[in-house]
Structures are given as C-alpha cells and as structure tokens.
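> Let me give you the structure first, and then I'll get to my questions.
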Amino acid sequence: INHKDRLRFREHGSDELAHYAKQAFDIEYQTILGWQEWEGIHWRQDWDLSRHSQYSGQDLSYTDPLTKERYIPWIVETSGGVDRTFLNLLLDAYEEQPDPTGKDNDRTVLHLHPWLAPVKVAVLPLQKNKEELVTTAKGIHKTLQRLMVSQYDDIQNIGRRYRRQDEIGTPYCVTVDFQTLEDQTVTVRERDQMTQVRIAINELPMYLLERVTWK
Numbered sequence: 413i414n415h416k417d418r419l420r421f422r423e424h425g426s427d428e429l430a431h432y433a434k435q436a437f438d439i440e441y442q443t444i445l446g447w448q449e450w451e452g453i454h455w456r457q458d459w460d461l462s463r464h465s466q467y468s469g470q471d472l473s474y475t476d477p478l479t480k481e482r483y484i485p486w487i488v489e490t491s492g493g494v495d496r497t498f499l500n501l502l503l504d505a506y507e508e509q510p511d512p513t514g515k516d517n518d519r520t521v522l523h524l525h526p527w528l529a530p531v532k533v534a535v536l537p538l539q540k541n542k543e544e545l546v547t548t549a550k551g552i553h554k555t556l557q558r559l560m561v562s563q564y565d566d567i568q569n570i571g572r573r574y575r576r577q578d579e580i581g582t583p584y585c586v587t588v589d590f591q592t593l594e595d596q597t598v599t600v601r602e603r604d605q606m607t608q609v610r611i612a613i614n615e616l617p618m619y620l621l622e623r624v625t626w627k
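Residue numbering for the sequence shown follows our numbering, beginning at 413 and increasing consecutively.
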C-alpha cells in the first residue's frame, strides 16, 4: 500500500468519545468500502490508573527521578489491527482484468508487492513429459528454495499455470523451455506487466533476490 492521498487522521467528535477519552483520532484508509478505520489512538489521561488506585487502595503515582515531581501517568492507547491491515492489502491488490478478446478468459491478479507476496517465484517446466526440462526445472527450484519461497508447478499448460500464480500474487514465474537446454537461460515472467526476459540460470538467484527481498 503506497497511497498517501488515501490515508487520513480523523478526530472524534465530542459525541463519539469514549467515557475515558479526552481526545481520540482514527487513522483511516479509503478502500472500495469507503473510509475504514485502520488504527485508533485514544488519549485516556489518568483515567485507568486513577480508577485502579481508587478501588484497590494502592498508590499508583510515579515520581520523576529528575524533577522529583509526583503524578499519575497519562496513557495514550493505540490499537492497530493485523486483520484490518491484511484486508486492506488484499482489497488494494485484487484485480479482475477482462479478457480483451471478449472470450470468457478473464485474468485475476493479486498485485502484492514482491516483498509481501507469500510465494516469491514459481518454476515451471514447459512440458512435464520431457525429462530434461523437468530435471532442470527441479534443480532450479531446489536452488531457489534455499533463498526464498519457491513453488514448482507442472500441472496443465503454461498459460493456466501463469494464471494460477497471478491469482495468488506470485511476482515472478521462471519457465524452463527447450532453449534452456541449449544455452542455460530461462524465461522470467513478471506478474503485473506480463513482460518476459531471458536470464542465465547462474544469474537467476541474484536477479530475483534483488526484486523480492525487503530492503
């Protein structure tokens, strides 16, 4: 998520404040469902500790070691939900792209940032009945597995495999084809633009790490 124009601070009106709050703000994000609370920030003053002191009979005040001033600390409560964050990520990333030919072949894509995608790369042999392609693809997959979350897939044709990876947000697909057997290069397909480049197998790990690793 990188849309600062869709983030805002909203101050609670006096009719919205909780009984313990002197002031409160929500961090809100504009989704397809409208403005939704992402995180709540409440200035609770000394309400909590004062009540604890009142009913427990214990002195919960604090003495400042520098000024020697004694007071009951104020509390600022923040509450951000992981579930809300995850929902916003999915809502922003999800897209259904109509088939430009008008056929019933729409493309569903989860545009997750590569850093956040659960699967970083999928390794796909062009044909699963060609032993040389499968052996090479599995070797590449094994190497990449040590560095990132890699998935091996040889079920159905290559187009359907691309679509499956698009749906789960995999940013890169590596295709092992017959040219691979000749020159030790593979096709790397990028999810969002569907662009393809040829990369040497020995350069592939660094190429992917530079694009999928949190910096």
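Every residue gets a Cβ at the ideal spot worked out from N, C-alpha and C, and that includes glycine.
Remember, it's a predicted structure, so these values are computed and weren't measured experimentally.
1) Considering only residues of the same chain and omitting the five flanking positions on each side of Gln557, which have a CB-CB separation below 7 Å?
2) Check whether the Cβ atoms of Leu536 and Asp565 lie closer than 8 Å to each other.
3) Within 10 Å of its beta-carbon, does Ser562 have 16 or more other beta-carbons around it, so buried, or fewer, so exposed?
4) Tell me the residue span of the beta strand (DSSP E) that contains Pro638.
5) List the endpoints of the continuous alpha helix (DSSP H) containing His553.
6) Using beta-carbon positions only, say whether Val533 and Thr582 come within less than 8 Å of one another.
7) CB-CB under 8 Å to Ala436, same chain, minus the five flanking residues each way: which ones, in chain order?
8) Starting from the Cα of Thr443, find the closest Cα among Asp417, Ile611, Lys515 and give me that residue.
9) In chain order, what residues of the same chain lie with their CB nearer than 6 Å to the CB of Arg623, ignoring the 5 residues before and after it?
10) Going by C-alpha to C-alpha distance, which of Val609, Tyr441, Val521 sits closest to Arg603?
11) Which same chain residues end up closer than 7 Å to Ile611 when comparing Cβ atoms and leaving out the 5 residues on each side of it in sequence?
12) Return yes when the Cβ of Leu545 is within less than 8 Å of the Cβ of Leu524, no when it is not.
13) If you drop the 5 nearest sequence neighbours on each side, which residues of the same chain put their C-beta closer than 8 Å to that of Ile484?
14) Which of the three DSSP states, helix, strand or coil, is assigned to Trp455?
15) Taking a contact to mean a Cβ-Cβ separation below 8 Å, would you say Asp518 touches Glu508 in this structure?
16) Assuming Ile552 and Leu616 form a contact by the criterion Cβ under 8 Å, report the distance between their Cβ atoms to the nearest whole angstrom.
17) Applying the criterion that 16 or more other CB atoms from any shown protein chain within 10 Å of the CB defines a buried residue, is Tyr441 buried or exposed?
18) Thr497 to Ala505, Cα distance in whole Å?
19) To test your reading of the DSSP string, which unbroken alpha helix (DSSP H) runs of 4 or more residues are found completely within the stretch 563-592?
20) Just the Cα atoms here: how many angstroms apart are Lys540 and Pro512?
21) Using a threshold of 8 Å, state whether the C-beta atoms of Ile570 and Leu538 are closer than that.
Here's the rundown:
1) none
2) yes
3) buried
4) Summary: the structure shown does not reach residue 638, with the chain confined to residues 413 through 627, and so no result is reported for it.
5) 543-557
6) yes
7) Glu423, His424, Glu428, Leu429, Ala430, Gly452, Ile453, His454, Trp455
8) Asp417
9) Pro526
10) Val521
11) Thr597, Val598, Val600, Tyr619
12) no
13) Asp458, Leu461, Ser462, Ser465, Leu472, Ser473, Tyr474
14) strand
15) yes
16) 7 Å
17) buried
18) 12 Å
19) 570-579
20) 29 Å
21) yes
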